[in-house]
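Sequential numbering from 23 applies to the sequence shown in the working numbering. We put the CB at the ideal spot given by N, CA and C, even for glycine. If you're wondering where the values come from, they're calculated on a predicted model, not measured in any experiment.
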Amino acid sequence: MTRRAALLFCALLLAPAAARADSLMTDLSQRLIAITSSFTGSSILVFGAVVPDGPGKRDVVVVLRGPDQSIRVRKKERVFGIWVNNEALAFEGVPAFYAVAATRPLAEIDAGADFARHQIGLDDLKLRERSANGAEEEKPETPDFRAAIRRLKLGQGLYASPMSPVTFVGPNLFRAEFQFPSNVPVGSYKAEIYLFSDGDLVGANSSALFVDKTGLERWIYKSAMNYPALYGLAAIAIAVGIGWTAALVFRKA
Numbered sequence: 023m024t025r026r027a028a029l030l031f032c033a034l035l036l037a038p039a040a041a042r043a044d045s046l047m048t049d050l051s052q053r054l055i056a057i058t059s060s061f062t063g064s065s066i067l068v069f070g071a072v073v074p075d076g077p078g079k080r081d082v083v084v085v086l087r088g089p090d091q092s093i094r095v096r097k098k099e100r101v102f103g104i105w106v107n108n109e110a111l112a113f114e115g116v117p118a119f120y121a122v123a124a125t126r127p128l129a130e131i132d133a134g135a136d137f138a139r140h141q142i143g144l145d146d147l148k149l150r151e152r153s154a155n156g157a158e159e160e161k162p163e164t165p166d167f168r169a170a171i172r173r174l175k176l177g178q179g180l181y182a183s184p185m186s187p188v189t190f191v192g193p194n195l196f197r198a199e200f201q202f203p204s205n206v207p208v209g210s211y212k213a214e215i216y217l218f219s220d221g222d223l224v225g226a227n228s229s230a231l232f233v234d235k236t237g238l239e240r241w242i243y244k245s246a247m248n249y250p251a252l253y254g255l256a257a258i259a260i261a262v263g264i265g266w267t268a269a270l271v272f273r274k275a
């Protein structure tokens, strides 16, 4: 990783001066997180180099998110002493995983408009509720459902809190490490890297990352997704076979 970061920095230094206005180059330590039967979590390193053009306080913010999913949130209410599901709202485009790293707290960077535009930080993460015809809706109780999604994701370890640090290794090289829990969903992820100068967005970059099952786990997962009926019948047959075999063994014993 150190060699790759050094090559990035050298490329920036060799670039023409006219093209080096706050130059930003980034990369990932790996682009595939392989999930096997012994998977207990993993981590990736986002690193890069910044060559500033002029004075000012530079900040780097990294957002790691994906894959988007649809979620239906139900609200429980107590009716005659029994807790039952009452109202439900459906949300689309909800990131299954979301984490942010920055050189300092987002409030100190003070780039509220850019944070809102690019959904940087949990407070600016847009979780929109949609109706059956696909139109966006804003109901009075929607903020409570949004807060419930964030609370559940935080409890599952899929929304990272507190924020991870972005550290500079020397004056120009930076790095940020992200941890994936064992229950991280498979799919496409994206690392978005933003460069701020005195609170103004002056550069951005992004890299793709994939989380996927490998080996037997991948075959089972793909079978369940692509052929659910056959997968269900096979699961029933296996369960019946195991039960029948166990019955024979205990009968002989």
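- In this structure, DSSP gives residue 82 an extended state, which the three-state scheme calls strand.
- Using a 10 angstroms sphere on the CB of residue 70, the tally of other CB atoms reaches 16 or more, which defines it as buried.
- Within the same chain, Cβ atoms closer than 7 Å to the Cβ of residue 137 are found at 128, 143 and 146, the five residues on either side in sequence being excluded.
- Proximity to residue 56 across 66, 75 and 135 peaks at 66, based on C-alpha coordinates.
- For residue 202 against residue 63, the beta-carbon gap comes to about 6 Å, under 8 Å, which counts as contact.
- Sorting 79, 171 and 58 by C-alpha distance to the C-alpha of residue 114 places 171 at the top.
- Three or more Cβ pairs closer than 8 Å define a contact, and the region 165 to 184 falls short of that threshold against the region 251 to 268.
- Shown here, residue 53 sits in coil according to DSSP, grouped into three states, outside any helix or strand.
- In the displayed model, residue 148 falls within coil according to three-state DSSP, outside both helix and strand.
- Residue environment: residue 197 is assigned as buried (16 or more neighbouring CB atoms within 10 Å of its CB, all protein chains considered).
- For the 8 Å CB-CB criterion, residue 61 and residue 228 do not form a contact.
- Pairing residue 149 with residue 168, the inter-Cα distance amounts to about 6 Å.
- Residue 189 and residue 98 have their C-alpha atoms some 43 Å from each other.
- Under a 10 Å Cβ-count criterion, residue 76 is classified as exposed, with fewer than 16 other Cβ atoms of the shown protein chains found around its own Cβ.
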